[in-house]
Each structure stands twice: as structure tokens, then as C-alpha cells.
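**Student:** Protein chains in written order, with our numbering: chain A, 1 to 209; chain B, 210 to 418. All residues carry an ideal CB built from backbone N, CA and C; glycine is no exception. It should be emphasised that the depicted structure is a prediction, and the values quoted were computed from it without experimental measurement.
Protein chains: 2
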Amino acid sequence: MYAAAQTSFQQAEHVERTQISGPYLVAPYQAGREIYAEGDLIDKCYQVSTGAVSVYRLLPDGRRQVVSFHLPGEMFGFEAGSNHSFFAEAITETKLAVFGRRHMQERSRELLALALTGMARAQQHLLVIGRQCAVERVAAFLIDLCERQGGGRQLRLPMSRQDIADYLGLTTETVSRVVTKLKGRSVIALRDARTIDIVKPDALRALCN
Amino acid sequence: MYAAAQTSFQQAEHVERTQISGPYLVAPYQAGREIYAEGDLIDKCYQVSTGAVSVYRLLPDGRRQVVSFHLPGEMFGFEAGSNHSFFAEAITETKLAVFGRRHMQERSRELLALALTGMARAQQHLLVIGRQCAVERVAAFLIDLCERQGGGRQLRLPMSRQDIADYLGLTTETVSRVVTKLKGRSVIALRDARTIDIVKPDALRALCN
DNA sequence: GAGAGCACTTGATTTGAATCAAAGTGCCCA
DNA sequence: TGGGCACTTTGATTCAAATCAAGTGCTCTC
Chain A
1 MYAAAQTSFQ QAEHVERTQI SGPYLVAPYQ AGREIYAEGD LIDKCYQVST GAVSVYRLLP
61 DGRRQVVSFH LPGEMFGFEA GSNHSFFAEA ITETKLAVFG RRHMQERSRE LLALALTGMA
121 RAQQHLLVIG RQCAVERVAA FLIDLCERQG GGRQLRLPMS RQDIADYLGL TTETVSRVVT
181 KLKGRSVIAL RDARTIDIVK PDALRALCN
Chain B
210 MYAAAQTSFQ QAEHVERTQI SGPYLVAPYQ AGREIYAEGD LIDKCYQVST GAVSVYRLLP
270 DGRRQVVSFH LPGEMFGFEA GSNHSFFAEA ITETKLAVFG RRHMQERSRE LLALALTGMA
330 RAQQHLLVIG RQCAVERVAA FLIDLCERQG GGRQLRLPMS RQDIADYLGL TTETVSRVVT
390 KLKGRSVIAL RDARTIDIVK PDALRALCN
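Set out below in C-alpha cells:
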């Protein structure tokens, strides 16, 4: 599907300048590489081809809030205004389909649907962070991620405990303790720290509210 | 501006059915009245004319998260999907301009901008709730509200301490204690519980991060 | 295969906000 | 004019999660 997967980001930039819209190129990003920063001009949007992306915001003292993770097939990078308010970075080795400004204008109808689901996700996440305890937050996170990976029983976490903590408004220690507790109750099982088997999906779902 | 301010909601519904789009009618709502509920079909959107509105979500055990407040001039009611995931209710005596489905289709470009700012607001709020302490949350709330009311030094709160608590992920007691503390430091002064003078705007802004 | 460097886990203690409880305060209406 | 009621404030105590502090285990390199 992505014939130009090995194409560099610089070439993608060039094509965009020449106003080609529909077809796009795929740019590779190493784990940890910044995709855009707060303050950068918004002139592209992205679709994850492989890998995973986090979008986050920082406070001056270093506190961080991850507002979203993006998995293969998902789009991100559109925001209100002309400059980014958030940072985006590749969590793992990632390939991104890059769309130019012209493409965004042509597809404003689809963009509306994406913006509305983005708003819904953020608002749902507000409920989780604002009104649920640590166990409920982690359970909701695992279920959400599982569904977005196709709903199977095995779950691969592309992100670290710190990323999860910054997404859920917790600390790594608390995330780790909750995972240990869920493992103790046999709700989940760990193959390794980043690979989770959901042993009792119903029990996990019951923990969300 | 709103010539038909006294028109009933039922008449507004009728006009919508007859496909009149651009001109709209204004419907009055008493304090506490529900505007729409979770599960309701999405077929209108609203602009606050006078008063104030809260949009919130409930957990089965009664915990509540207010995701947004809407003041005069602001629009709300558009969501992803075909049914509402949230409740909306008038906080005070409120008048709403009601727009029908046809109007929304015609103005999808403006709706995109609204959806993007809605997403940005929700994501900014995630940072506040996920990573800031009680004092920072209340300070951020007061500044946000103040700016949306025109940026003067006097601030009128249309909502109760409970509404504020449910918006900030706190309890009424904690909100009250923070307000008392800010009053003690002379950052703010209270004319009454719902009318606040911002005595030291810079000090308040400094508390946000 | 030894050792450095990370990510993750576990334990002890502290702490900020929740909870529980009891007053104020103001407002509506009889 | 005063009683009732909802909202707000204040105080005492508890508790969930943060912080502080070691470990453990894995991977990568030399």
C-alpha cells in the first residue's frame, strides 16, 4: 500500500510544496523523534502507518500531560489556530503518511468528523482523569487500547509506564502498582512489561465505572 | 437582535421542520432545565444568547464531570456520531438561539473551526485536571472565565461551587477552601459568593503554572 | 560474559484532597 | 417577619496517590 515507505521526510516536504494533494508520501521516524513542537506552524496532518505517536503538552516546571496516543490508521496533527499548541513525537519506530495543506482543504468534510471525534475522545478522557480513581483509569486505558488494536485478548503497549502515567494523570509507580494488583487478581497476565493478556475482559470492563 | 426572544421552543422545532435555516429563533430555559440528554438525537446546535450552560457526563454511581461551560455568544451541541454522549443544562435563566440541521450542513466550515477549538479547550483542560493542584486549577478557571467575560476585573460566576468542583475534578469543600485562601492572600476579593473581584491579576496568572 | 544504563517494580513515608460533620449565610415565600 | 431550605464555609479526620528510596531484571555494548 505505501509504495514510497522509504522516502525521506525532506522529499515529502518538496512534494507538498509542489501542490500534489491526494497521493502522499510516507516518512519514517525513529523512536523518540519529535514530529512537531509547540509553536510550529500547522501545515500538514498525519496518519500513522506503523508504530505509535504521543501528543502532549508541558508545563514550565516539566510536568507533562499526554492528551492522546495514535495507533496505525489514526490521524492527528490538526488543531485550532495556525500554530501547534502541543508536541507530537514518535513513541517507537514509526512511519507516517503526511498530508499537505491543500489536501486538508479538499477534505474539510472528513476533517470535521475527525475533529468531532477528537473532541469526544478528549471529553471522555476528562471524565476518566477528573472523576475516576487509579484502578479505573488504568482499566479504561487498557480497554480503550485493546479495542483500538482490534479487540483481541493480547495487548501490546508501545509506550512506557511514564507515558501511560502522563496520559492518565498518575505516576509510573502508581501505574505499576495497579498493573501488579490486576495481575494479582488474575484480571490480566503479563508476558513481559509491554505485552498484556486480558484474562478476564468482563472483570476489566466492570472496573471502569 | 433576537426579535423572537419570547418564542417557545415548540415553535422553534416547527420552524426547523419547515427547513428555514439562516434565521433562527430564541428559546428560553429556566435555571436547571435540561437542554438535551445523553442518548438524544443530535439535530440542532445552540448559541447562548443570555445566561449560561453546562455540558456534563455522569458515571453510574453519580460522579459527574462537567466538560464545558458556555457563556453568551458561545456555541455548543455538536458532537461526533448521531446521538449525544453528554447532558446539557441551563445553569441560570438562559436564552438560546437554536439552529437546525440544515443550518449546520450549510455552515460546516465554521463548524470545523468550532470543533477544533472545542477539542483544544478540552485538551487544555486535560492538562489542568491531570497535572495541576487544586489552587492551580481554581486560578486557571477564574482566569479563563474572566477572559471569556471580557477581561474586566470583576467576575460573575453563574455556576455553583458544586458545578465548579465537577468541572475541575475537585469537591465543593476544596473549591471553597481555595477561594478562601486566595481571598486571604488578597489575590481576589468576594463581594458575595458568586461575585469576585480580581485584585491581583498577575498573582492569579502566576498561580496557573 | 561482565558491567553500564534503563525501565520497571516494590516498599516506607508523606501529603494534598476527600470525606465526614457542623456551622454560617442568604433568600424565598408563607 | 421569621421559618425553612439550599448554598457555602470551616473544622477534624481519613485515605489514595505522590514522593522518596531501594531493588530487580533486561538489553546493549565492549
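Please go through the same chain and pick out, in chain order, the residues whose beta-carbon is closer than 6 Å to the beta-carbon of Thr174(A), but skip the five residues on each side of it.
**Tutor:** Ala134, listed in sequence order.
**Student:** Determine, for Ala221(B), whether the minimum Cβ-Cβ distance to residues of chain A falls below 8 Å.
**Tutor:** Reliability fails at Ala221(B), whose pLDDT of 40 lies under 50, so the model's placement of it is uncertain and no value is given.
**Student:** Are any of the Cβ atoms in chain A nearer than 8 Å to that of Arg226(B)?
**Tutor:** Residue confidence for Arg226(B) is low, a pLDDT of 38 falling below 50, so the modelled location carries little weight; the figure read from the coordinates is stated next. Not closer than 8 Å to any Cβ of chain A, the Cβ of Arg226(B) fails to qualify, so no.
**Student:** Quick one: does Thr216(B) have its CB under 8 Å from some CB of chain A?
**Tutor:** The pLDDT assigned to Thr216(B) is 37, lower than 50, so where the model puts this residue is not dependable; a value taken from the coordinates is nonetheless given after this. So, not an interface residue.
**Student:** Measuring only between beta-carbons, confirm whether Ser294(B) sits less than 8 Å from chain A.
**Tutor:** For Ser294(B), the answer is yes, since a Cβ of chain A falls inside 8 Å of its Cβ.
**Student:** Please return the same chain residues whose Cβ sits closer than 7 Å to the Cβ of Cys355(B), not counting the five positions on each side in sequence.
**Tutor:** Hits under 7 Å: Leu364, Ile407.
**Student:** If you measure beta-carbon to beta-carbon, which residues of the stretch 363-393 of chain B are closer than 7 Å to chain A?
**Tutor:** Result list: Gly378.
**Student:** For Phe287(B), which of Val396(B), Tyr265(B), Leu323(B) has the nearest alpha-carbon?
**Tutor:** Nearest of Val396(B), Tyr265(B), Leu323(B) to Phe287(B), Cα basis: Leu323(B).
**Student:** If you draw a straight line from the C-alpha of Lys304(B) to the C-alpha of Val262(B), how long is it?
**Tutor:** Taking the straight line from one Cα to the other gives about 10 Å.
**Student:** Taking only beta-carbon positions, decide if Leu112(A) is within less than 8 Å of chain B.
**Tutor:** Answer yes: the Cβ-Cβ gap between Leu112(A) and chain B drops below 8 Å somewhere.
**Student:** Grouping DSSP H, G and I as helix and E and B as strand, with all else coil, what is Cys133(A)?
**Tutor:** It is coil, neither helix nor strand.
**Student:** Do you know offhand how far Ile251(B)'s Cα is from Ser85(A)'s?
**Tutor:** Those two C-alpha atoms are separated by around 30 Å.
**Student:** According to the neighbour-count rule (16 or more other Cβ atoms, all chains shown, within 10 Å of its Cβ), is Ala226(A) buried or exposed?
**Tutor:** The structure shown does not extend to residue 226(A), since chain A is modelled only from 1 through 209, so no value can be given for it.
**Student:** Rounded to the nearest angstrom, what separates Ala206(A) and Gly309(B) at their Cα positions?
**Tutor:** In a straight line, the C-alpha of Ala206(A) is about 38 Å away from that of Gly309(B).
**Student:** Please compile the residues from chain B whose C-beta is within a distance smaller than 7 Å of the C-beta of Glu79(A).
**Tutor:** Near Glu79(A) (Cβ distances below 7 Å), the residues of chain B are Leu325, Ala329.
**Student:** Return no unless some Cβ of chain B is closer than 8 Å to the Cβ of Gln105(A).
**Tutor:** Output row for Gln105(A): interface = no.
**Student:** As an exercise, report each continuous alpha helix (DSSP H) stretch of at least 4 residues that is fully enclosed by the stretch 306-377 of chain B, in chain order.
**Tutor:** DSSP runs (the alpha helix (DSSP H)) wholly in the stretch 306-377 of chain B: 310-315, 317-340, 343-357, 370-377.
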